[in-house]
Amino acid sequence: MMARAKPDKRKRSAEAIRPPLLEAVKPANGFERWVPLVVVLLLGVVVYISILDNELVSWDDDIYLYDNPQLTHPKGFQDIWTNYKKTRYEAEGQQDTPHQFYPLTLTIIYLEHHVFHWLNDELLFTLSGDLRDQLDRPKVTEALRQEFAAHDISVPKTARIFPQKAGRRWVIADAHKLRKAKEGYGVRLESGKLNVYSSDPAVFDHKMEAPYFHAVSIIWNGVNAMLMILLLRRLGMGIWTSWVVAALFVVNPMNAATVAWGAEQKNIFALFFYMLAFMCYLRHRRRGGWLSYVGVLLLFQCAMWSKTVAVTFPLVCFLTDRLLERSWGLTSLARSALRVAPMLLMALGAALLTVYTEDRARDVPLTDFQRPFVAAASIWFCAIKLLVPIKQLPIYQHWNPDPNNYAAWHPAAHLAWWLPIMGLAVVGWVLFHWRKKIPPHFFWGLGFYLVTQLPMMGWKNINFFQFAFVSDHYVYHGCAGVFVMIAVGLDVLRRKISNRIAGTPLVTALVCVALAAYGVKTSIYANVWQTADTFWNTILAGNPGCWAGWYNLGNRCKRDAAAYRLRGDKAKAEECIEEAIGRYQGAIRAKPNLVHAYQQLLPLLISKKRYDELEEYCSRVETHKPFLAHYFRGRRHDREKQWEKAAKSYQQALRCPSSKTERAEAAVAAGDCTLRLRRWKEAISLYEHVLKLDCGKNERYRAHMGLGGAYLELGEPDQAEAHLVKALELRPGDPRAKVRLKRLRAQKQ
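Taking my numbering, the leading residue of the sequence shown gets 16, the next gets one more, and so forth.
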């Protein structure tokens, strides 16, 4: 007989000392297993179904979704993973790329972009004129065929033409069948009767593809709610409480800022991989094995590649170990620290990479002394908003009482700033005093909320802090902790009253009423993201001091003015310019040092010949960026043909600190003025300075043209010809360069 192996006494003693982990809750039947999952998914679809009619707002949606050159460039997919600083696109003059390094998020968006183009073979147009309110499809179809024929576009009889939005927007399906003579397919067509937007793969029409992006957000958000139920069950929470947490998560109005905002898909993706990593970690803790631990690390990295907010995962794992082991002993703490150490190193690397890729100038009004006060206030603000979501805004008012002097804001001088800190101290003492009577999952929920919110509490400056210190989309991850506390409290209540009355049906009914109220509020609030106008106007209605709202609406008015000019409607274009001026002035009132607003406003004032206002705003901007004041004074004198004054102003601008592009613009303008003043050598030195700056094509073209003229006047035709040839290389077929070169060569012969 074989000798029986003796059990390892050390292993047996360790198992006796180490208590078993908190067990997961397993559904008793198929109803408990599947019905809660299906319910939360359907809740998410019902609550957010209205956003399928929303467009993509012009705030980060452009640089992520529809104007991101990484999605269309031949090397775009490669650059998503390797080109951290987006240097390729800056060199090509395309700077609208995401500043963050979120390669997995951008990979998913890249796939969405190409799949949606494949699905969306349609051509959108809006009716105007006599056809604007026409709903008779045969009449509209015939009128459109005639209109297309007038522009040499043939519409085959098999093409389907049907209305959208009560007839004012129409769609031609099978748009690939359309053919346009001469220019080829993919040209934007505008006429008196219709405006057509091409669906060619080279043109990314976000108005047509927005529903697809929103559909992905809705479904993925519902999947996150389903994963939340599965995760909480594995953490030992009951079937009822885990469902309540996920249901509150999926319908709470605070999360509309993530689901309805296209650019915040990164938030949804990050939470998805975060929870998968969490579930893998729980599997590793209960079953052990290196394979599951490697899965944790891979999924955690995927979460950070989606959005760096996931860096708190190691701390949450450490906190979860305390829940599972029910121990704070030194040995247990040491094991947990060793277990999460590799994750902490990964989180540190991701944080440093994020700082590196997002290294840009920010005007963030925070000093080190102010940070604890902001952190405490943000904890209370987000928790209260989750419970009572009233007066919500995509951008809340800044908590800084003096936007012109950030350093003067001293919380010690304002008693109200001490209240959040004192409130946290009181709550902490109460919880510690009653800790033995409070369920452990309540403390886990509290810890999860606080830990997950750490990156957004003001300890590190982030770009959004220049607008506000808090935002709804900050709590998409951490809100689950608040809902866990609520669900645990409701669970205690229903168990206590179950001895007297039917506690579970009563409390469940109350929860359903709250879910219905939250759902209605969420469905209404999600319409804020319907268009860029509704988005920014809603913000300004509740937060008139939001400079970003004024500035972006000003940009929209400028774009509208350009579109009206193309259509020949000068009166409408002038109205839009006046409106844009008012919007930019509002931005400057909200933030007097907003240089970008001055850059947009000053040329509009020059075009309208409002020179008194121009001088006023030049005087204002001179304290923030003197280059702009001198440059636009030069532009004014240039317009008035006062070349001497203009040249002097431009040269004053050149002596001020400025970017390479700005210096090139000022030098070219100064060269043009001195050329008109017949100071040939001075003009040559200015143009050559432009070429040394290695600036954009437009400035180099103007410099070569100016040098060609100056050298011709100095009697050096060979030099003049060389520069005109280079100008023609920069703009092939340019009539001015061709005419000058032709005359020069004729004179030489």
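All C-beta atoms, glycine included, are put in the ideal place defined by N, C-alpha and C.
Taking only three categories from DSSP, how would you classify residue i?
i, result
"M290", "helix"
"S1", "This structure does not reach residue 1, given that the chain is present from 16 up to 764, and the question cannot be answered."
"Y489", "helix"
"Y117", "coil"
"S673", "coil"
"W474", "coil"
"H129", "helix"
"Y212", "Interpretation of Y212 is limited by its pLDDT of 37, a score under 50 that renders its predicted location unreliable; no figure is taken from the coordinates."
"Q545", "coil"
"P732", "helix"
"N567", "helix"
"Y411", "coil"
"P747", "coil"
"R341", "coil"
"K624", "coil"
"T87", "coil"
"L708", "coil"
"I187", "At I187, the pLDDT of 49 sits below 50, so the modelled position is not reliable; the number obtained from the coordinates is stated separately. DSSP places I187 in strand when its eight states are reduced to three."
"P35", "coil"
Based on Cα-Cα distance, which residue from the options lies nearest to residue i?
i, options, result
"N267", "L690, G649 and V528", "V528"
"Y540", "K712, G686, V62 and R48", "V62"
"S673", "L408, F642 and K585", "F642"
"N542", "V60, G45 and S65", "S65"
"I234", "Q614, L250, L67 and L121", "L67"
Sorted by chain position, which residues of the same chain lie with C-beta nearer than 6 Å to residue i's C-beta, five sequence neighbours on each side aside?
i, result
"D655", "Note on identity: in this sequence residue 655 is Glu, with Asp being the wrong assignment. Here the set comprises nothing."
"E107", "Only weak support exists for where E107 lies, its pLDDT of 48 falling under 50; the value from the coordinates is given anyway. Counting only Cβ-Cβ distances below 6 Å, and skipping sequence neighbours, we find nothing."
"H221", "Caution is warranted here: a pLDDT of 43 is assigned to H221, below 50, making its placement in the model unreliable, and the coordinate value is therefore given only provisionally. Result list for H221: L71 and Y81, in chain order."
"D148", "The pLDDT assigned to D148 is 45, lower than 50, so where the model puts this residue is not dependable, and the model offers no usable value."
"A2", "The structure shown has nothing for residue 2, since the chain only spans 16 to 764."
"G686", "A698, L701, Y702 and G721"
"Y464", "G493, G496 and V497"
"L37", "G251 and L339"
"L756", "L739"
"Q109", "Any answer about Q109 is weak, because its pLDDT of 49 lies below 50 and its placement is not dependable; what the coordinates show is given next. Excluding sequence neighbours, Q109 sits near P84."
I believe residue i touches residue j by the beta-carbon criterion, under 8 Å. Please report the beta-carbon distance rounded to the nearest angstrom.
i, j, result
"A752", "A742", "5 Å"
"Y117", "K452", "At roughly 43 Å, the Cβ-Cβ gap does not stay under 8 Å, so Y117 and K452 are not in contact."
"W658", "L692", "5 Å"
"M241", "L56", "6 Å"
"L338", "P455", "6 Å"
"L708", "A698", "About 16 Å; that fails the 8 Å criterion."
"Y289", "F328", "6 Å"
"A612", "I621", "No, A612 and I621 are not in contact; Cβ-Cβ is about 15 Å, not under 8 Å."
"Q667", "H639", "Wrong, their Cβ atoms sit about 16 Å apart, outside the cutoff."
"I244", "L52", "6 Å"
"C317", "L121", "Not confirmed; about 13 Å, so no contact."
Give the range of the alpha helix (DSSP H) segment to which residue i is assigned.
i, result
"F458", "P455 to T467"
"S347", "L345 to T372"
"H448", "W433 to H448"
"V326", "From DSSP, V326 is part of no alpha helix (DSSP H); its letter is neither H nor E."
"G588", "According to the sequence as given, residue 588 is Ala; it is not Gly. Counting along the chain, the alpha helix (DSSP H) containing A588 begins and ends at K585 to A605."
"R694", "From DSSP, R694 is part of no alpha helix (DSSP H); its letter is neither H nor E."
"S257", "I254 to V266"
"C527", "G518 to Y540"
"Y646", "P641 to R654"
"P51", "G45 to Y63"
Give every residue of the same chain whose Cβ lies closer than 8 Å to the Cβ of residue i, excluding the five residues on either side of it in the sequence, and list them in chain order.
i, result
"C572", "C591, I592, E594, A595 and R598"
"T369", "Q115, F116 and T323"
"L521", "R509 and I512"
"E127", "Y227, F228 and V231"
"L745", "K712, R715, Y716 and H719"
Keeping to the same chain, check which residues put their C-beta closer than 7 Å to that of residue i; ignore five residues upstream and five downstream.
i, result
"E198", "Caution is warranted here: a pLDDT of 33 is assigned to E198, below 50, making its placement in the model unreliable, and the coordinate value is therefore given only provisionally. Excluding sequence neighbours, E198 sits near nothing in its chain."
"A181", "Residue confidence for A181 is low, a pLDDT of 39 falling below 50, so the modelled location carries little weight; the figure read from the coordinates is stated next. Around A181: no qualifying Cβ."
"C688", "D653, W658, A661, A662 and Y665"
"G601", "W565"
"S28", "Legend: pLDDT at S28 = 45, less than 50; position of this residue unreliable, value from coordinates given subsequently. Counting only Cβ-Cβ distances below 7 Å, and skipping sequence neighbours, we find nothing."
"T273", "E279, N282, I283, H488 and Y491"
"S307", "C295, R298 and H299"
"T256", "A502, V503 and D506"
"R651", "I621, Y626 and L629"
"E680", "E714"
"G724", "L690"
Is any heavy atom of the ligand SAH found at a distance shorter than 7 Å from the C-beta of residue i?
i, result
"Q93", "The ligand content of the structure shown is nil, which means the ligand SAH is not present either."
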